[in-house]
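Numbering (my numbering), first residue to last: 1 to 240. Built from N, CA and C at the ideal position, the CB exists for glycine as well.
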Amino acid sequence: TPMKPDSLLRTALPVATALILAACGAIQPARMALPEPLRGAEPISVDGMGAGQKGTFRAGDYSGEYARSATRLELFGDFAVFDRGRATYTLNGVTAAPLFARCTVRQTTMTVGIVGFEPKKLAYECDFSEQGKGVGVRFTLQEGRDAGVPKTLQAERRGRIDFNGTTLTMRSVHAVEGSPLPLGTPIGYVFEQDGRPVGAVALTGLTPRLWLPAGNDDTRRAAVAAAMALSIFWDPAQRP
Numbered sequence: 001t002p003m004k005p006d007s008l009l010r011t012a013l014p015v016a017t018a019l020i021l022a023a024c025g026a027i028q029p030a031r032m033a034l035p036e037p038l039r040g041a042e043p044i045s046v047d048g049m050g051a052g053q054k055g056t057f058r059a060g061d062y063s064g065e066y067a068r069s070a071t072r073l074e075l076f077g078d079f080a081v082f083d084r085g086r087a088t089y090t091l092n093g094v095t096a097a098p099l100f101a102r103c104t105v106r107q108t109t110m111t112v113g114i115v116g117f118e119p120k121k122l123a124y125e126c127d128f129s130e131q132g133k134g135v136g137v138r139f140t141l142q143e144g145r146d147a148g149v150p151k152t153l154q155a156e157r158r159g160r161i162d163f164n165g166t167t168l169t170m171r172s173v174h175a176v177e178g179s180p181l182p183l184g185t186p187i188g189y190v191f192e193q194d195g196r197p198v199g200a201v202a203l204t205g206l207t208p209r210l211w212l213p214a215g216n217d218d219t220r221r222a223a224v225a226a227a228m229a230l231s232i233f234w235d236p237a238q239r240p
């Protein structure tokens, strides 16, 4: 006996839904290509960060709260675009008292025809305090090219964090594992000490992943503080 249309629909709908969900589950975020010293190491997930404006997070033995916002002002279409952002986070587990960070980001871009320029290149900075007092921690991240130079396909970043006398430099990563083509926007960042990779943070999907130096010294603490600053960062290059 032929199946009635409504019965056929009721039968086909769950099957189609299951197939769609299975397909979505099979799609995995692109994996950041890691430098050789970090390959094979087990990453730490930053749970709770997601895409929200505020909330709590946990990354292994470290936890905290965060809040962030971003604005964009466009004049005459995309002729002049002003991006501004703010973020704060509290990090438990790296110092005796919770470490508090206050971050700002700013960038101005201009487009003439098909050529884009940055009169004020991206600058992302964080100041830190502990129990209301300033501490010896400072984070900076900037665009990797001079202002006024035409934009290229890659939004490269360079930065550093100074943590109680320990300095780590950082660079954006655009290489995807298994792909010969780099991404235009950063997929994550690598932390280096004296030119040697010691840690990284991957920013694919909604759950950042960390690779941290072993031990419990200031190198690891600096990497954690920098990784959290980058995890809450809303990059203007990734906005529609």
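Using the rule of at least 16 other Cβ atoms within 10 Å of the residue's Cβ for burial, across every protein chain shown, is residue i buried or exposed?
| i | result |
| --- | --- |
| T104 | exposed |
| Q131 | exposed |
| L73 | exposed |
| Q238 | exposed |
| A225 | buried |
| R157 | buried |
Select from the options the residue whose C-alpha is nearest the C-alpha of residue i.
| i | options | result |
| --- | --- | --- |
| G55 | P43, W211, I44 and S69 | S69 |
| A51 | A223, T204, R220 and L212 | T204 |
| F37 | V198, F82 and S129 | The sequence given here has Pro at residue 37, not Phe. Ranking the options by Cα distance to P37, first place goes to V198. |
| P119 | Y66, P180 and M110 | M110 |
| P236 | G85, M170 and L34 | G85 |
| L168 | G178, L206, R138 and P186 | R138 |
| G215 | V94, F233, E143 and L141 | V94 |
DSSP state of residue i, grouped into three classes?
| i | result |
| --- | --- |
| S231 | helix |
| M3 | Any answer about M3 is weak, because its pLDDT of 43 lies below 50 and its placement is not dependable; what the coordinates show is given next. Here M3 sits in coil by DSSP. |
| T219 | helix |
| A214 | coil |
| A18 | Model confidence at A18 stands at a pLDDT of 39, short of 50, so the residue's coordinates are unreliable; what they give is reported in the following sentence. A18: helix per DSSP, three-state reduction. |
| A237 | helix |
| P119 | strand |
| L38 | helix |
| A155 | coil |
I need the boundaries of the beta strand (DSSP E) containing residue i, first residue and last residue.
| i | result |
| --- | --- |
| A200 | R196 to A202 |
| Q53 | Note, Q53: premise wrong, no beta strand (DSSP E); not H, not E. |
| T207 | Run containing T207: none; DSSP gives neither H nor E here. |
| T185 | Taken as a continuous stretch (DSSP letters only), T185 belongs to no beta strand (DSSP E), as it is neither H nor E. |
| S69 | Y62 to L75 |
| F82 | A80 to N92 |
| A101 | L99 to V112 |
| S172 | T166 to V173 |
| R138 | K133 to E143 |
Comparing the C-beta of residue i with each C-beta of chain C, is any distance below 8 Å?
| i | result |
| --- | --- |
| G50 | This model lacks chain C altogether, as it is built from one protein chain only. |
Quick one: measure Cβ to Cβ for residue i and residue j, integer angstroms, because I've assumed they're closer than 8 Å.
| i | j | result |
| --- | --- | --- |
| F128 | D218 | With a Cβ gap of about 13 Å, F128 and D218 do not count as contacting. |
| G184 | A155 | 6 Å |
| I44 | G60 | 4 Å |
| A87 | A67 | 7 Å |
| A223 | L230 | At roughly 10 Å, the Cβ-Cβ gap does not stay under 8 Å, so A223 and L230 are not in contact. |
| I232 | Y124 | The pair is not a contact, with the Cβ atoms about 10 Å apart (cut-off 8 Å). |
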